[in-house]
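**Q** The structure follows.
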Amino acid sequence: MTGCSTQIPVLQPQGPVAQQEFGLIEWSFFLMLFVAIVVFILFGVFIYRYRNTPNNKAPYEPDMEGSRKLEFIWTLIPVIIVLLIAVPTVRTTYALQAPPKTAKTDPLVIDVTSAAWKWIFQYPKSGLETVNYLVIPANEPVQFNLTSVGPMNTFWIPSLGGMEFNMPNVTLGLWLQADHPGIYLGRSANFSGVGFEHMSFTVKALSIPQFNTWVSAVKKTAPALSNAENNQILYTHGLSPKLTFSSYPSTKTTGTAGMSGM
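End of the sequence shown sits at 1145 in the working numbering; the numbers just go up one at a time, nothing left out.
Shown next as structure tokens:
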């Protein structure tokens, strides 16, 4: 506990998905805390009531073991606890399958490919690509289409929401949103081999005008990605610096996907 920072990302939600998931964490924590307190209170009561000392003869109730009433009660209590956790979790999971219909704009689509040992981000609308860093607009939903070339990973930006798998030959979806401009940490949460510690990336959330300016600057100044460079990034094992390209080959590494916030 003394080694934990007060700035734990999952406890500092910066988006609507993370906020709802943080609510689940709080609900589960306080429910389990209540259960623990009740258990310790009952433990103390039983120790005191049923202790056997020279001055206190512990009561003996041999019929308690076969009490259907008691067995029903202590079977029902765990069922209620499970339901109190399961119902909000299922409701939140389904509620986060897609951005709310009240969103002002359609989600920005970003295709995400994990490779060994790097992250590739492609922006189909503008045609640009980044490696090992991600830029998104703040206050707008973003749909991520996730796949992998090589080891399986999990795409996770703790401040913005839960994780989703990157798996070869499969495309999964995740939507997130940053409520405020800022810089956030992203990484893989699934051990994927010797280069796992390098499977991290930075996320920069910009205001919408700043994001549009960034896109325009990349299109004007960054080089185009050739097929040879693309294959080297995707299929060559090894670390890669942060890279930016104004365009990428038309060969797709991702496909269509549904969306999920969990």
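Cβ atoms here follow ideal geometry from the backbone N, Cα and C, with glycine treated the same way. Note that the structure is a prediction, hence the values are computed from the model and not measured.
#1: Between W910, V1053, A981, which lies nearest to V995 when the distance is taken from Cα to Cα?
#2: To the nearest angstrom, report how far apart L1017 and K1087 are at their CA atoms.
#3: What does the alpha-carbon distance come out to for the pair F912 and F923?
#4: Going by the beta-carbon positions, is the gap between Q897 and A1061 smaller than 7 Å?
#5: Could you check the C-alpha separation between G1167 and A999 for me, to the nearest Å?
#6: Below 6 Å CB to CB, which residues in the same chain sit around P1041 once its five sequence neighbours on both sides are set aside?
#7: Taking C-alpha atoms, which residue in Q903, G1056, F1004, S1099 lies nearest to P1117?
#8: Count the other CB atoms within 10 Å of the CB of Q980; is the residue buried (16 or more) or exposed (fewer)?
#9: Going by the DSSP bridge assignment, what does K1008 pair with across the sheet?
#10: Taking DSSP's pairing of strands, which residues face Y1016 in a bridge?
#11: Could you give the DSSP three-state label for F1038: helix, strand or coil?
#12: Of all the options T1104, V992, P961, which has the alpha carbon lying nearest to the alpha carbon of V918?
#13: Out of curiosity, what's the CA-to-CA distance linking A955 and S1031?
#14: Taking the continuous beta strand (DSSP E) assigned at S1031, which residues delimit it?
#15: Sort L914, T1104, K1102, S1133 by Cα distance to N1114 and report the nearest one.
#16: With a threshold of 16 other CB atoms inside 10 Å of the CB of P899, please say whether the residue is buried or exposed.
#17: Name the one or two DSSP bridge partners that D994 has.
#18: Report buried or exposed for M915, applying the criterion of at least 16 other Cβ atoms within 10 angstroms of its Cβ.
#19: What residue ranges within the segment 1078-1135 form continuous beta strand (DSSP E) runs of no fewer than 3 residues, ordered along the chain?
#20: With which residues is L1059 paired in a DSSP beta bridge?
#21: Specify whether the segment 1116-1131 and the segment 1100-1107 touch according to this definition: at least 3 beta carbon pairs, one from each stretch, less than 8 Å apart.
#22: For K1125, which residues from the same chain have a beta carbon less than 6 Å from its beta carbon, with the 5 sequence-adjacent residues on both sides left out?
#23: From what residue to what residue does the beta strand (DSSP E) around K1048 run?
#24: Taking the C-alpha atoms as reference points, what is the distance between Y993 and I1091?
#25: Which of helix, strand or coil does DSSP assign to S911?
#26: Could you compute how far the alpha carbon of S1075 sits from the alpha carbon of H1081?
#27: Determine the DSSP secondary structure at Q897, reduced to helix, strand or coil.
#28: With respect to the beta strand (DSSP E) encompassing L959, which residues constitute its N-terminal and C-terminal limits?
**A** In terms of the structure at hand:
#1: Position 112 of the sequence shown, counting from 1, holds the residue named residue 995. The candidate whose alpha carbon is nearest that of V995 is V1053.
#2: The residue you call residue 1017 lines up with position 134 of the sequence shown. The residue you call residue 1087 lines up with position 204 of the sequence shown. CA-CA distance, L1017 to K1087, rounds to 6 Å.
#3: Translated into the one-based positions of the sequence shown, residue 912 becomes position 29. Translated into the one-based positions of the sequence shown, residue 923 becomes position 40. Spanning the alpha carbons of F912 and F923 requires a straight line of approximately 16 Å.
#4: Position 14 of the sequence shown, counted from the first residue, corresponds to residue 897. Position 178 of the sequence shown, counted from the first residue, corresponds to residue 1061. A contact, by the Cβ cut-off of 7 Å.
#5: There is simply no residue 1167 to check, as the chain begins at 884 and stops at 1145 in what is shown.
#6: On the sequence shown, position 158 is the one that residue 1041 refers to. Taken in chain order, the residues that qualify are P892, V893.
#7: The residue labelled residue 1117 in the question sits at position 234 within the sequence shown. As written in the sequence, residue 1117 is Leu, which differs from the Pro given in the question. Nearest C-alpha to L1117: F1004.
#8: Walking along the sequence shown from the start, residue 980 turns up at place 97. Using a 10 angstroms sphere on the CB of Q980, the tally of other CB atoms stays under 16, which defines it as exposed.
#9: Here residue 1008 refers to the residue found at position 125 when the sequence shown is read from its first residue. In the DSSP secondary-structure assignment, K1008 is not bridged to any residue.
#10: If you number the sequence shown from 1, residue 1016 lands on position 133. Per DSSP, T1085.
#11: Counting from 1 along the sequence shown, the entry for residue 1038 is found at position 155. Residue state, collapsed to three classes: strand.
#12: Your numbering for residue 918 matches position 35 in the sequence shown. For V918, the nearest C-alpha among the options comes from P961.
#13: For the purposes of this step, residue 955 is taken as residue 72 along the sequence shown, with counting starting at 1. For the purposes of this step, residue 1031 is taken as residue 148 along the sequence shown, with counting starting at 1. In the sequence as displayed, the identity of residue 955 is Phe instead of Ala. Between F955 and S1031, the C-alpha separation is close to 49 Å.
#14: Residue mapping note: residue 1031 aligns to position 148 of the sequence shown, counting from 1. Counting along the chain, the beta strand (DSSP E) containing S1031 begins and ends at 1025-1031.
#15: Taking the first residue of the sequence shown as 1, we reach residue 1114 at position 231. Residue S1133 is the option with its Cα nearest to N1114.
#16: Here the question's residue 899 lines up with position 16 in the sequence shown. With 16 or more other Cβ atoms within 10 Å, it is buried.
#17: Reading the sequence shown from its first residue, position 111 is the one you call residue 994. Checking the DSSP bridge columns, you'll see D994 partnered with Q1005, N1028.
#18: Numbered from its first residue, the sequence shown carries residue 915 at position 32. Under this definition M915 is an exposed residue.
#19: For the segment 1078-1135, whole beta strand (DSSP E) runs of length 3 or above, ordered along the chain, are 1083-1089, 1126-1128.
#20: Taking the first residue of the sequence shown as 1, we reach residue 1059 at position 176. As DSSP reads the structure, L1059 sits in a beta bridge with V1025.
#21: A contact between stretches requires three or more CB pairs, one per stretch, nearer than 8 Å, and the segment 1116-1131 meets this requirement with the segment 1100-1107.
#22: Here residue 1125 corresponds to residue number 242 of the sequence shown, with the count starting at 1. Excluding its 5 nearest sequence neighbours in each direction, K1125 has C-beta neighbours in its own chain below 6 Å: N1015, Y1016, listed in chain order.
#23: Along the sequence shown, read from residue 1 onward, the residue named residue 1048 stands at position 165. Rather than Lys, the amino acid found at residue 1048 in this sequence is Phe. Following the DSSP letters along the chain, one finds F1048 inside the beta strand (DSSP E) bounded by residues 1047-1049.
#24: By one-based count along the sequence shown, residue 993 stands at place 110. By one-based count along the sequence shown, residue 1091 stands at place 208. For clarity, residue 993 is Ile in the given sequence; the question names Tyr instead. Distance between the alpha carbons of I993 and I1091 is about 16 Å.
#25: For the purposes of this step, residue 911 is taken as residue 28 along the sequence shown, with counting starting at 1. If DSSP states are grouped into helix, strand and coil, S911 belongs with the helices.
#26: In the sequence shown, residue 1075 corresponds to position 192, counting from 1. In the sequence shown, residue 1081 corresponds to position 198, counting from 1. About 10 Å.
#27: Here residue 897 corresponds to residue number 14 of the sequence shown, with the count starting at 1. The answer is coil: DSSP assigns Q897 none of H, G, I, E or B.
#28: Position 76 of the sequence shown, counted from the first residue, corresponds to residue 959. Segment 951-978 is the alpha helix (DSSP H) holding L959; no beta strand (DSSP E) there.
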